[in-house]
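A.B. asks: Residue numbers (the working numbering): 399 to 591. Virtual Cβ for every residue (Gly too), placed ideally from N, Cα, C.
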């Protein structure tokens, strides 16, 4: 990567990150207004709403990034054009192909970073956020763990170990808990439809 490539990369990257930050802040405050309607349900309070919104931000980055990259690339190139830097680059012998390649390199590197965030960090954080929010609000909760799926229906807890072909559930346990939080009964089935 030569000096001009790095210069264009910096212009596009800076504009893209500023655009992404602006979109994230706008989305954050609009989502906060929606979450404030749920504050007071169960143990869900203002700080819990903030925690929820912060935990889902990696997913929002993944969702908003394509728009931010498009706008950021246009803004970055616009800043270079407004300072006549593109004209100087072209006069120095930089072809449109080389210019396009420099912009694409910036976009691809940023996209790779966001894909890694979106594929590896965002899903577990979003699941944690939704589970914690449901617990705080006192909702019946379904949790997918490493060893099956747990669901709560009132005073009944259901554990499903897996799903078999033909949409059949495998190795199901149903735990009935009384009002005093004591286990009343356990029901087991090898499979169910």
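With DSSP run on the structure shown, which of helix, strand or coil describes residue 554?
C.D. replies: Within the chain shown, residue 554 is the residue found at index 156, counting from 1. Reduced to three states, the DSSP call for residue 554 is strand.
A.B. asks: Can you round the beta-carbon distance between residue 453 and residue 517 to whole angstroms, since I take them to be within the 8 Å contact cut?
C.D. replies: For this step, residue 453 is matched to residue 55 along the chain shown. For this step, residue 517 is matched to residue 119 along the chain shown. So it is not a contact: roughly 17 Å between Cβ atoms.
A.B. asks: Would you be able to state if there are at least three C-beta pairs under 8 Å between the segment 558–568 and the segment 458–476?
C.D. replies: no
A.B. asks: What residue from 522, 407 and 552 has the CA that sits closest to residue 474's CA?
C.D. replies: Start at 1 with the first residue of the chain shown, and residue 474 comes out as number 76. It is 407.
A.B. asks: Taking the alpha carbon of residue 528 as the point to measure from, which residue in 413, 449, 440 and 427 has its own alpha carbon closest?
C.D. replies: Translated into positions along the chain shown, residue 528 becomes position 130. It is 449.
A.B. asks: Between 576, 571, 458 and 591, which lies nearest to residue 420 when the distance is taken from Cα to Cα?
C.D. replies: The residue given as residue 420 occupies position 22 in the chain shown. Per the C-alpha coordinates, the member of 576, 571, 458 and 591 positioned closest to residue 420 is 458.
A.B. asks: In or out: residue 431 buried (at least 16 other Cβ within 10 Å) or exposed?
C.D. replies: For the purposes of this step, residue 431 is identified with residue 33 of the chain shown, where counting begins at 1. Residue 431 should be labelled exposed.
A.B. asks: Among 443, 574, 418 and 417, which one has its Cα closest to the Cα of residue 530?
C.D. replies: As a first step, residue 530 must be located in the chain shown, where it is residue number 132. Considering only alpha carbons, the answer is 443.
A.B. asks: Report the rounded CA-to-CA distance for residue 511 versus residue 422, giving the unit in angstroms.
C.D. replies: Residue numbering aside, residue 511 sits at position 113 when the chain shown is read from its first letter. Residue numbering aside, residue 422 sits at position 24 when the chain shown is read from its first letter. Straight-line Cα distance between these residues: approximately 17 Å.
A.B. asks: Select from 455, 550, 501 and 411 the residue whose C-alpha is nearest the C-alpha of residue 526.
C.D. replies: If you number the chain shown from 1, residue 526 lands on position 128. The shortest C-alpha to C-alpha distance from residue 526 to any of 455, 550, 501 and 411 is the one to 455.
A.B. asks: Applying the criterion that 16 or more other CB atoms from any shown protein chain within 10 Å of the CB defines a buried residue, is residue 481 buried or exposed?
C.D. replies: In the chain shown, counting from the first residue as 1, residue 481 sits at position 83. By the neighbour-count rule (16 or more Cβ atoms within 10 Å), residue 481 is not buried but exposed.
A.B. asks: Residue 568 and residue 583 look like a contact to me (Cβ under 8 Å); what is the Cβ gap, rounded to whole Å?
C.D. replies: Residue 568 sits at position 170 when you count from the first residue of the chain shown. Residue 583 sits at position 185 when you count from the first residue of the chain shown. Actually they do not touch by this definition, with Cβ atoms about 21 Å apart.
A.B. asks: Quick one: Cα of residue 520 to Cα of residue 509, how far?
C.D. replies: The sequence position of residue 520 within the chain shown is 122, counting from 1. The sequence position of residue 509 within the chain shown is 111, counting from 1. Going from the Cα of residue 520 to the Cα of residue 509 covers about 15 Å.
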